[in-house]
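Number of protein chains: 2
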Amino acid sequence: MKTETALAELTTALKRAHALGTVGELLGWDEQVNLPSGAAEQRAGQSAALAGAQHAAASDARIGGWLAELEAGVAGLSEDQRTVVKQARKDFDKATKLPADFVREKAVQGSRGYHAWAKARAADDFAGYAPVLAKNLEFAKREAGYLGWGGREYDYMIDKNDPGMTAAVIGRLFDELKRGLVPLVREIAASKVKPRADALRGFSVEGQKLFLREVTERLGFDYNRGRIDISLHPFCSGTGSDVRMTTRFKEHEPLDSLFSAIHETGHGMYEQGLPVAQLGTALGMHAGMAVHESQSRMWENQVARSRGFWRCFEPRLRAVFPAQTAGVSTEELYLAINAVEPTLIRVDADEVTYNLHIILRFELEKKLFTGELAVNDLPGAWRTAAQELLGLTPSTDRVGVLQDVHWSDGSFGYFPSYCLGNMLAAQLWYRALALRPALEEDFARGDFSWLLNWLRENVHTQGRRFDALQLAQRVTGEPLSPQALLRYLRERYGALYLS
Amino acid sequence: MKTETALAELTTALKRAHALGTVGELLGWDEQVNLPSGAAEQRAGQSAALAGAQHAAASDARIGGWLAELEAGVAGLSEDQRTVVKQARKDFDKATKLPADFVREKAVQGSRGYHAWAKARAADDFAGYAPVLAKNLEFAKREAGYLGWGGREYDYMIDKNDPGMTAAVIGRLFDELKRGLVPLVREIAASKVKPRADALRGFSVEGQKLFLREVTERLGFDYNRGRIDISLHPFCSGTGSDVRMTTRFKEHEPLDSLFSAIHETGHGMYEQGLPVAQLGTALGMHAGMAVHESQSRMWENQVARSRGFWRCFEPRLRAVFPAQTAGVSTEELYLAINAVEPTLIRVDADEVTYNLHIILRFELEKKLFTGELAVNDLPGAWRTAAQELLGLTPSTDRVGVLQDVHWSDGSFGYFPSYCLGNMLAAQLWYRALALRPALEEDFARGDFSWLLNWLRENVHTQGRRFDALQLAQRVTGEPLSPQALLRYLRERYGALYLS
Numbered sequence: 001m002k003t004e005t006a007l008a009e010l011t012t013a014l015k016r017a018h019a020l021g022t023v024g025e026l027l028g029w030d031e032q033v034n035l036p037s038g039a040a041e042q043r044a045g046q047s048a049a050l051a052g053a054q055h056a057a058a059s060d061a062r063i064g065g066w067l068a069e070l071e072a073g074v075a076g077l078s079e080d081q082r083t084v085v086k087q088a089r090k091d092f093d094k095a096t097k098l099p100a101d102f103v104r105e106k107a108v109q110g111s112r113g114y115h116a117w118a119k120a121r122a123a124d125d126f127a128g129y130a131p132v133l134a135k136n137l138e139f140a141k142r143e144a145g146y147l148g149w150g151g152r153e154y155d156y157m158i159d160k161n162d163p164g165m166t167a168a169v170i171g172r173l174f175d176e177l178k179r180g181l182v183p184l185v186r187e188i189a190a191s192k193v194k195p196r197a198d199a200l201r202g203f204s205v206e207g208q209k210l211f212l213r214e215v216t217e218r219l220g221f222d223y224n225r226g227r228i229d230i231s232l233h234p235f236c237s238g239t240g241s242d243v244r245m246t247t248r249f250k251e252h253e254p255l256d257s258l259f260s261a262i263h264e265t266g267h268g269m270y271e272q273g274l275p276v277a278q279l280g281t282a283l284g285m286h287a288g289m290a291v292h293e294s295q296s297r298m299w300e301n302q303v304a305r306s307r308g309f310w311r312c313f314e315p316r317l318r319a320v321f322p323a324q325t326a327g328v329s330t331e332e333l334y335l336a337i338n339a340v341e342p343t344l345i346r347v348d349a350d351e352v353t354y355n356l357h358i359i360l361r362f363e364l365e366k367k368l369f370t371g372e373l374a375v376n377d378l379p380g381a382w383r384t385a386a387q388e389l390l391g392l393t394p395s396t397d398r399v400g401v402l403q404d405v406h407w408s409d410g411s412f413g414y415f416p417s418y419c420l421g422n423m424l425a426a427q428l429w430y431r432a433l434a435l436r437p438a439l440e441e442d443f444a445r446g447d448f449s450w451l452l453n454w455l456r457e458n459v460h461t462q463g464r465r466f467d468a469l470q471l472a473q474r475v476t477g478e479p480l481s482p483q484a485l486l487r488y489l490r491e492r493y494g495a496l497y498l499s
Numbered sequence: 500m501k502t503e504t505a506l507a508e509l510t511t512a513l514k515r516a517h518a519l520g521t522v523g524e525l526l527g528w529d530e531q532v533n534l535p536s537g538a539a540e541q542r543a544g545q546s547a548a549l550a551g552a553q554h555a556a557a558s559d560a561r562i563g564g565w566l567a568e569l570e571a572g573v574a575g576l577s578e579d580q581r582t583v584v585k586q587a588r589k590d591f592d593k594a595t596k597l598p599a600d601f602v603r604e605k606a607v608q609g610s611r612g613y614h615a616w617a618k619a620r621a622a623d624d625f626a627g628y629a630p631v632l633a634k635n636l637e638f639a640k641r642e643a644g645y646l647g648w649g650g651r652e653y654d655y656m657i658d659k660n661d662p663g664m665t666a667a668v669i670g671r672l673f674d675e676l677k678r679g680l681v682p683l684v685r686e687i688a689a690s691k692v693k694p695r696a697d698a699l700r701g702f703s704v705e706g707q708k709l710f711l712r713e714v715t716e717r718l719g720f721d722y723n724r725g726r727i728d729i730s731l732h733p734f735c736s737g738t739g740s741d742v743r744m745t746t747r748f749k750e751h752e753p754l755d756s757l758f759s760a761i762h763e764t765g766h767g768m769y770e771q772g773l774p775v776a777q778l779g780t781a782l783g784m785h786a787g788m789a790v791h792e793s794q795s796r797m798w799e800n801q802v803a804r805s806r807g808f809w810r811c812f813e814p815r816l817r818a819v820f821p822a823q824t825a826g827v828s829t830e831e832l833y834l835a836i837n838a839v840e841p842t843l844i845r846v847d848a849d850e851v852t853y854n855l856h857i858i859l860r861f862e863l864e865k866k867l868f869t870g871e872l873a874v875n876d877l878p879g880a881w882r883t884a885a886q887e888l889l890g891l892t893p894s895t896d897r898v899g900v901l902q903d904v905h906w907s908d909g910s911f912g913y914f915p916s917y918c919l920g921n922m923l924a925a926q927l928w929y930r931a932l933a934l935r936p937a938l939e940e941d942f943a944r945g946d947f948s949w950l951l952n953w954l955r956e957n958v959h960t961q962g963r964r965f966d967a968l969q970l971a972q973r974v975t976g977e978p979l980s981p982q983a984l985l986r987y988l989r990e991r992y993g994a995l996y997l998s
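Okay, structure coming up:
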């Protein structure tokens with residue numbers, strides 16, 4: 001009885017702190033979607049005040065008391081209750097070991113950093129961004145230090161995004177992936193099959209919005225519990241009943257907005273699939289960014305680049321854009337959708353070479369943290385790595401080191417999740433296919449419900465019960481590895497480019 | 500030196516609490532502009548958590564300590580410092596006398612109330628709204644009770660919006676206004692001059708947006724420090740560098756969106772004109788809702804319904820909408836802009852009869868608080884009063900008691916400010932004209948800067964130094980009275996309808 005009271009009180013306190021956290025997330029969404037240009041400083045003050053309030057709620061001393069009580073009686077707790085307590089302890093320690101002033105300063109720095117990045121990127125001015133980046137790095141290291149990760153700062157940043165993951169584990173997985181991927185990219189590059197670069201042009205923004213809405217709704221995104229808006233860099237925020245995705249539109253690159261929106265739809269459906277009643281506890285929390293990315297990447301790639309998907313949506317695309325698609329055959333369209341061509345820009349990259357973009361960032365980040373690489377040497381190191389991995393050298397930092405938003409607010413250690421997510425997505429995909437071989441025929445009929453329901457049951461509703469490594473083992477029966485991803489890429493792209 | 504430290508510490512704490520308050524305001528804006536329909540419950544939890552955090556910041560015991568210190572040394576404070584301390588004391592007492600649970604519950608109720616109202620209005624279902632309204636009334640009375648206003652609950656609600664104002668003062672001003680207004684409305688109703696009801700039809704939303712943007716920007720709204728969006732009920736929120744207005748568009752009533760946007764522009768320019776460095780203290784705070792409404796109403800009515808304004812914008816309107824304005828003469832256009840015709844809907848009302856809508860609501864609100872009127876009898880009482888004051892009986896509650904958003908979140912005592920604002924606007928207008936007789940010629944050239952600068956200097960930058968009664972006396976040399984408003988209405992509308 002005493003345990004149940006402590007658990008109920010703890011849950012209420014966690015939910016309150018979580019609600020303040022989601023308000024902070026909404027401020028972040030608003031900042032990128034709506035904020036007037038002159039309001040950055042005022043917004044920084046709001047973010048700082050809110051971060052302070054959130055920190056106060058998360059570090060409430062009573063939480064420590066309830067936790068101590070529950071931990072003393074841990075033998076009497078159910079598995080789910082233990083999961084909740086374990087995560088709450090982790091979060092509480094994180095909240096109480098970080099000084100309130102530090103949290104406030106970091107929030108201000110994050111807000112300013114975003115604006116400094118946007119300005120530097122527009123002006124192609126790395127020198128204007130370098131001090132911000134150095135400061136973000138310093139903040140990250142201080143944070144790791146406060147939490148007892150001194151000397152393992154990059155592992156700390158990785159663990160923040162993917163509990164249990166380390167740079168060493170990632171390094172091994174990525175090396176194995178590289179060994180299989182580099183030859184494949186080389187083979188495809190040598191192929192005589194080439195997608196038509198000009199296949200899809202002049203797609204009105206209004207038409208794209210219409211088509212995008214139809215696709216994302218059909219996949220299963222619930223627009224009564226979410227929305228989509230426009231921002232410079234597509235992202236997904238919010239959770240449960242209020243999930244907010246963004247995209248952007250380019251008239252001559254309709255696939256860019258469509259596939260980035262489907263990617264965010266994958267994130268969004270994961271968040272909408274979490275148990276709403278448990279929001280704020282580990283049971284209503286996603287399992288880490290690699291698992292999150294496995295959801296976005298599966299819908300974006302395994303699903304939306306499949307033949308089955310396009311048997312359903314090709315006629316709809318032609319109906320919305322009759323003139324623009326008149327001269328494009330079914331095969332040309334499918335090849336454009338599955339174009340493989342190295343590019344300098346990660347978010348424009350095809351799904352084969354995409355992973356090389358991630359390996360590039362992972363290796364640079366790692367060196368920034370160990371001190372092997374100085375911030376000021378980053379543009380040069382980026383150019384060298386791009387040439388080595390992608391066979392391309394950025395002519396300017398805007399298409400090199402300045403292209404990504406992540407580091408601008410101190411989100412280091414996030415990039416690896418994208419590639420880990422790709423591995424997990426492929427592994428989950430083959431498991432789903434084994435259970436439901438007719439999956440692509442479902443898609444051709446516009447029916448995505450079997451896959452969504454299977455993910456709901458095995459991934460979404462599980463909350464944070466299992467981390468990425470555990471989830472892979474549990475759902476697919478195999479440890480996480482790059483082999484399913486390599487198999488998938490070779491099957492799909494081999495059929496197109498190498499047959 | 501000790502005083503200065505206390506003042507600096509107090510200011511920092513006030514700014515932090517204020518920043519959390521503005522985040523709450525942003526949540527409110529978002530709720531009406533962006534929130535997915537299924538997210539109301541989740542948002543209620545966010546609002547409650549934030550209200551709790553804001554309350555904690557505003558009731559921080561250290562504020563009480565600094566205040567006591569400053570009040571002990573009040574003789575050594577400047578006028579401005581006294582203003583800051585006085586307002587901080589008022590807010591601190593308000594924050595510390597309201598229990599945190601009450602504040603949280605009230606926030607949840609406000610959020611639910613808005614959605615219940617929107618639903619009830621759509622379904623024309625007063626019975627579904629009555630329990631919410633009764634609960635809102637109960638919350639308002641409890642709040643007044645906590646703050647020592649027991650027995651004077653409605654005065655408390657008025658004072659919240661307009662410091663120093665009472666139901667008795669308003670009753671006297673409104674009675675005097677009624678005596679002058681009823682004959683004027685009767686004379687105009689008997690006039691042979693009638694505006695063409697169908698003059699302006701088929702104005703595309705895109706064209707309206709374009710024209711509206713040009714007008715509001717020219718008047719002086721700074722879009723680098725604000726924005727305009729669409730909501731069911733137009734409003735203005737935010738302050739300083741982030742002011743957010745809303746409007747709505749009707750193809751066959753282009754003047755509706757234009758004038759409501761100009762109204763909100765008046766509010767918005769006031770907020771943008773507050774001293775940003777002082778936000779969070781009385782010196783960076785508006786002077787109450789009557790003064791706020793004086794700004795919105797002056798730009799909407801005295802300015803934007805004037806001949807001078809339309810000498811500037813008539814050619815622009817015709818350029819954006821050539822076909823729609825082709826058959827409309829300059830005089831017909833001007834008469835449509837200044838149409839006087841009793842209507843059941845307050846926000847659609849002309850500026851002559853508008854004040855009667857307010858008097859109606861003031862009298863009903865007052866009786867709700869004294870208990871002379873029960874919530875369930877409100878629809879009937881509304882119908883009777885509408886017939887007496889406007890000569891019209893609502894056929895259904897949707898165009899009667901369900902039309903306004905205000906009471907849905909417990910904003911009682913707000914309506915009188917609209918009419919007090921009209922009085923003050925007219926009084927300020929004649930003072931401005933006395934100083935700058937060529938004002939309308941400025942407008943004809945598209946130059947609104949003299950008026951805006953004069954308001955900046957005499958009203959906006961004054962913050963909360965003076966309340967509505969003091970401001971009227973100080974800026975116009977006369978006590979607040981309805982006579983300037985009556986003079987203005989008779990001059991403008993007499994020339995159109997009675998000459």
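In the order they appear, the protein sequences are chains X and U. Residue numbering for the first sequence follows this note's numbering, beginning at 1 and increasing consecutively. Residue numbering for the second sequence follows this note's numbering, beginning at 500 and increasing consecutively. We put the CB at the ideal spot given by N, CA and C, even for glycine.
Burial state of residue i (16 or more Cβ within 10 Å)
i      : result
L485/X : buried
H267/X : buried
D21/X  : Going by the sequence as given, residue 21/X is Gly instead of Asp. Its Cβ being crowded by 16 or more others within 10 Å, G21/X is buried.
I857/U : buried
H252/X : exposed
T384/X : exposed
T513/X : This structure gives no information on residue 513/X, because the portion of chain X shown stretches from 1 to 499.
R963/U : buried
Q109/X : buried
Minimum Cβ-Cβ distance from residue i to chain U less than 8 Å
i      : result
S241/X : yes
R43/X  : yes
S408/X : no
A434/X : no
R112/X : no
Q46/X  : yes
R456/X : no
Chain X residues whose Cβ lies nearer than 8 Å to that of residue i
i      : result
D529/U : L26 and D30
A556/U : A49 and A53
Below-8 Å beta-carbon distance, residue i vs any chain X residue
i      : result
S536/U : yes
L549/U : yes
G962/U : no
V522/U : yes
R806/U : no
Y722/U : yes
Residues that residue i contacts on chain X, provided the C-beta gap is smaller than 7 Å
i      : result
G912/U : Those do not exist, as G912/U stays about 28 Å from chain X at its closest Cβ, beyond 7 Å.
L493/U : With chain U covering 500 to 998 only, the question about residue 493/U has no answer from this structure.
G725/U : P36
R897/U : Within 7 Å Cβ-Cβ: nothing; R897/U doesn't reach chain X, min ~24 Å.
Problem set entry | Every unbroken alpha helix (DSSP H) within the segment 208 to 294 of chain X, with a cutoff of 4 residues, ordered by chain | 254 to 273
For this session: Please list the segments of the alpha helix (DSSP H) lying wholly inside the segment 111 to 168 of chain X, counting only runs of 4 or more residues, in order along the chain.
Result: 126 to 146 and 153 to 161
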